[in-house]
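**Q** In the working numbering, the protein residues as written are 1369 to 1924.
Got a structure for you, written out below as structure tokens; questions coming shortly.
Following this line, the structure appears as structure tokens:
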């Protein structure tokens, strides 16, 4: 070995030691020193690319890892890490082939199988995602990470008992894994088992004392939880340089609660905005991409109000599919409406937020740049998706609910694919809707973390509904939240009649059901009778919203 090579080896060793100790800046300088001497030195290229992923410099990381693959195409870790870098910038379709190549080169690479499962989960291909996690577990039965992720997929698919078993198995393998305790807490909450929800969130905090997300969740479930000692702790955590954007978001949401207790509404409002701003930063690339789609591209698509423009006839089917679509703006009382509909004597499968139409439209626009193709084929695809969700069933007389609120974009598609559908628009005072949304963290809703984005989305919702009402005046049933809570029985009877269902007093006693399951943000509220105190609770915030809403006719 010549002197230069020996020097490079020493520098590489030193760089790697710094890398392991998370002295990223020192390691980066040493890797670059090697590449200055030898630009094609594989180990330095690969390790620097990997380091840059950790430093969140994804573009440079991708370029280096591509170069590493050109030098050594058969090195599985380079493909795997390149896949991880593409995932970080939300380029999931670019991540797939490299992650698959890593598996091809190393068939027992459980991390690659797990990450491929994560990619398919992001693309909402739950079948493939589940298969990847199961393969990882088959290779390594005690692979806690894959078991935890499998639990998440099973929960998404409604297999709640199986999901719970997965989380409990993870905790047996790794009792201190806070993530599994957190997922178990969320599942208990879905099931309405709040005693175990609290216990599981307390376990999260036991192993991660600075986890403000779990502390926030407990604040929603325990009375007199917010004291001065906790407030001091929250402020200390927020001053920690290692506190990430997501944790900062929940810290600000917690501080907003303290201001609300003291009726300092303006300070509360400021903390809410700060919290959402931090949450937005935690998923910046993903949210920016989503905002462009939801606030600009989708609302401007003229095919949404001119679906099947060639007026192709659709064949009759052997039975009438009679879905009930519940649409609106988040926090409009839609979960309440769905539970009332599903609580009569007739068995009705509850879809909650299926996102089936959203995924269907998104995929069509992504592949074809157009919605208009073959309506018969579209119907086949949609029927299959609803059947996979176990919603189209003979025993329910083919009636089911879908409470994906953004289906207001797809009313024309609904009318033509499902001619026997019922559409219910849940309306609520805009100030109440917007403030209720600000006080809620809808984690995956890209536009819900910025006040101006929220107003813009409400405007899109308002315009779509008004436009469709002009074309088909009697098609949409409008249920006004404020009227409903003032006279629940009268309004509920009208609603049930519109759905062509039989009225039963149980409809308003939905909260007594032992099988009541909800994954929505209204999970806690729906376990109580209809109450009226939510009508005027948002009046103190009207002044703070005025400057954001002054350009919208529906707000003034």
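We treat Cβ as the ideally placed atom computed from N, Cα and C, and that holds for glycine.
Quick caveat: nothing in here was measured; it's all calculated off a predicted structure.
Is it buried or exposed, residue 1427, if we count other Cβ atoms within 10 angstroms and call 16 or more buried?
**A** It is exposed - the Cβ of residue 1427 has fewer than 16 other Cβ atoms within 10 Å.
**Q** Compute the beta-carbon to beta-carbon distance between residue 1788 and residue 1693, rounded to the nearest angstrom, for a pair I have assumed lies under 8 angstroms.
**A** 12 angstroms between Cβ atoms; not a contact.
**Q** Quick one: residues in its chain with C-beta nearer than 7 angstroms to the C-beta of residue 1382, no 5 flanking neighbours on either side, listed in chain order?
**A** Closer than 7 angstroms at the Cβ level, and outside the excluded window around residue 1382, lie 1398.
**Q** Taking the Cβ atom as the reference point for each residue, do residue 1759 and residue 1719 lie within a distance shorter than 8 angstroms?
**A** Yes, they are a contact pair.
**Q** What does the alpha-carbon distance come out to for the pair residue 1496 and residue 1920?
**A** Taking the straight line from one Cα to the other gives about 44 angstroms.
**Q** Is it the case that the Cβ atoms of residue 1658 and residue 1814 are separated by a distance below 8 angstroms?
**A** For residue 1658 and residue 1814, yes; Cβs fall inside 8 angstroms.
**Q** Report buried or exposed for residue 1662, applying the criterion of at least 16 other Cβ atoms within 10 angstroms of its Cβ.
**A** Burial call: buried.
**Q** Measuring straight from C-alpha to C-alpha, what distance separates residue 1780 and residue 1672?
**A** Rounded to whole angstroms, residue 1780 to residue 1672 spans 6 angstroms at the Cα level.
**Q** Nearest-angstrom Cα distance between residue 1407 and residue 1518?
**A** Distance between the alpha carbons of residue 1407 and residue 1518: 42 angstroms.
**Q** Given residue 1550, which residues of its chain have a CB within under 7 angstroms of its CB, disregarding the five upstream and five downstream residues?
**A** Excluding positions up to five away in sequence, the list reads 1572, 1582.
**Q** Report yes if the C-beta distance between residue 1646 and residue 1620 is below 8 angstroms; otherwise report no.
**A** Contact: yes.
**Q** Could you tell me which of 1726, 1644, 1665, 1791 sits nearest to residue 1803, measuring between CA atoms?
**A** If we check each option's Cα against that of residue 1803, 1644 comes out closest.
**Q** Could you check whether residue 1618 and residue 1584 sit closer than 8 angstroms to each other, using their CB atoms as the reference points?
**A** Yes, Cβ-Cβ distance for residue 1584 and residue 1618 is below 8 angstroms.
**Q** How big is the Cα-Cα spacing for residue 1377 and residue 1388?
**A** Near 16 angstroms, if we compare the C-alpha coordinates of residue 1388 and residue 1377.
**Q** Closest to residue 1598 by C-alpha separation, out of 1470, 1876, 1625, 1437, would be which residue?
**A** The candidate whose alpha carbon is nearest that of residue 1598 is 1625.
**Q** For a cutoff of 8 angstroms on Cβ pairs, would you count residue 1665 as touching chain D?
**A** Checking the listed chains, one finds no chain D in this structure; it contains a single protein chain.
**Q** Using 8 angstroms for Cβ pairs, my map puts residue 1401 next to residue 1379. What's the rounded Cβ distance?
**A** Right, the Cβ-Cβ distance comes to about 6 angstroms (below 8 angstroms), so this counts as a contact.
**Q** Would you report the Cα separation of residue 1430 and residue 1445, rounded to the nearest angstrom?
**A** Approximately 13 angstroms, taken between the alpha carbons.
**Q** To the nearest whole angstrom, what separates the beta carbons of residue 1916 and residue 1820, a pair I think is in contact under 8 angstroms?
**A** Contact holds; Cβ gap of about 6 angstroms.
**Q** Tell me whether residue 1506 is buried or exposed, calling it buried when 16 or more other Cβ atoms sit within 10 Å of its Cβ.
**A** Burial call: exposed.
**Q** Just to confirm before moving on: does the CB-CB distance between residue 1403 and residue 1413 stay below 8 angstroms?
**A** Yes, they are a contact pair.
**Q** Here's a check: name, in chain order, each residue in its chain whose Cβ is nearer than 7 angstroms to the Cβ of residue 1830, leaving out the five neighbours to either side.
**A** Only 1922 meet the Cβ criterion.
**Q** Per DSSP, what kind of secondary structure is residue 1430 in: helix, strand or coil?
**A** Three-state result, residue 1430: helix.
**Q** Specify whether the stretch 1628–1642 and the stretch 1790–1797 touch according to this definition: at least 3 beta carbon pairs, one from each stretch, less than 8 angstroms apart.
**A** They do not touch, by the three-pair rule.
**Q** In whole angstroms, give me the CA-to-CA distance for residue 1465 and residue 1603.
**A** The straight-line gap from Cα to Cα measures roughly 44 angstroms.
**Q** Would you check if the distance between the CB atom of residue 1639 and the CB atom of residue 1623 is smaller than 8 angstroms?
**A** Cβ atoms of residue 1639 and residue 1623: closer than 8 angstroms.
**Q** Apart from the five residues on each side of it in sequence, which residues of its chain come closer than 7 angstroms, Cβ to Cβ, to residue 1666?
**A** Result list for residue 1666: 1777, in chain order.
**Q** So is residue 1607 buried or exposed if we call it buried at 16+ other beta carbons inside 10 Å?
**A** It counts as exposed.
**Q** Please say whether residue 1460 and residue 1479 have beta carbons closer to each other than 8 angstroms?
**A** Cβ distance not < 8 angstroms, so residue 1479 and residue 1460 don't count as in contact.
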